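Enquirer: In this note's numbering, the protein residues as written are 801 to 943. I'd like to ask you about the structure that follows.
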Amino acid sequence: MSVPQVSPLQDILVPISVGELMDKLTILEIKSERVKNPSQLKNIVHELEALRAVPLGDIDCTMLDKLKAELKRVNARLWDVEDAIRDCDARGSFGGSFIELARAVYRLNDERSRLKKAINLASGSRLFEEKSYKSFQRENCDP
């Protein structure tokens with residue numbers, strides 16, 4: 801069996817929306833604050849620095865910074881909720897707390913999507929991510 805050759809390190813350039821960039825930045829910022837493993841942290845910081853270096857052109861940074869801060873708050877809350885869900889799973893606890901946490905995930909993701917769209921609109925982004933979810937109005941969920 802032959803050993804696969806390692807490719808030289810490279811980057812690829814992919815067009816993304818400004819909202820997607822801000823989302824990625826906030827997630828990396830949260831990781832850089834919370835991850836303790838040195839080798840993981842090194843990779844996180846490297847990626848964060850590379851993305852922070854992306855020029856934003858004539859975008860109104862005041863509005864962008866405000867929306868980005870809100871997005872970071874939502875992403876940090878998502879991180880906490882997902883950790884709590886994993887804790888429930890590890891304990892085999894799937895009662896009311898687990899259900900409320902699971903519901904919080906999709907509500908926070910809706911807020912995250914709303915903020916990314918607001919960033920795209922405020923920045924004049926040419927690309928937009930579109931989400932399509934069922935409404936979460938209370939209905940009978942029995943099969």
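For each residue, glycine too, the CB sits at the ideal point set by N, CA and C. Just so it is clear, the structure is predicted and the values come from calculations on it, not from any experiment.
(1) Residues in the same chain with beta-carbon distance under 8 Å from R834, minus the five sequence neighbours each way, listed in chain order, please.
(2) If we call anything under 8 Å between Cβ atoms a contact, is L825 one with L851?
(3) Report yes if the CB atom of K916 is closer than 8 Å to the CB atom of E929, and no otherwise.
(4) Buried or exposed: which applies to S989, given that a residue is buried once 16 or more other Cβ atoms fall within 10 Å of its Cβ?
(5) Could you compute how far the alpha carbon of E870 sits from the alpha carbon of A918?
(6) Find the nearest neighbour of S932 within the set K836, N909 and A902, judged by alpha-carbon distance.
(7) Out of curiosity, what's the CA-to-CA distance linking P859 and K872?
(8) Please identify the residue among V803, S817 and Y906 whose C-alpha is closest to the C-alpha of G924.
(9) Run through the stretch 873-927 for me and flag every whole alpha helix (DSSP H) of 4 or more residues, listed as ranges in chain order.
(10) From R877 to E829, what distance separates their C-alpha atoms?
(11) Just how far apart, CA to CA, sit E882 and L821?
(12) Within this structure, are the beta carbons of S786 and L856 separated by less than 8 Å?
(13) Of all the options E911, G819 and Q840, which has the alpha carbon lying nearest to the alpha carbon of M863?
(14) On the DSSP letters alone, give me the boundaries of the alpha helix (DSSP H) that K831 sits inside.
Expert: On the basis of the supplied data:
(1) W879
(2) yes
(3) yes
(4) Outside the displayed range of the chain (801 to 943) lies residue 989, so it cannot be described from this structure.
(5) 11 Å
(6) N909
(7) Pro is not the amino acid found at residue 859; the sequence shown has Ile there. Taking the straight line joining both Cα atoms gives about 19 Å.
(8) S817
(9) 896-923
(10) 13 Å
(11) 22 Å
(12) Absent from the structure is residue 786, since the part of the chain shown begins at 801 and ends at 943.
(13) G819
(14) V818 to R834
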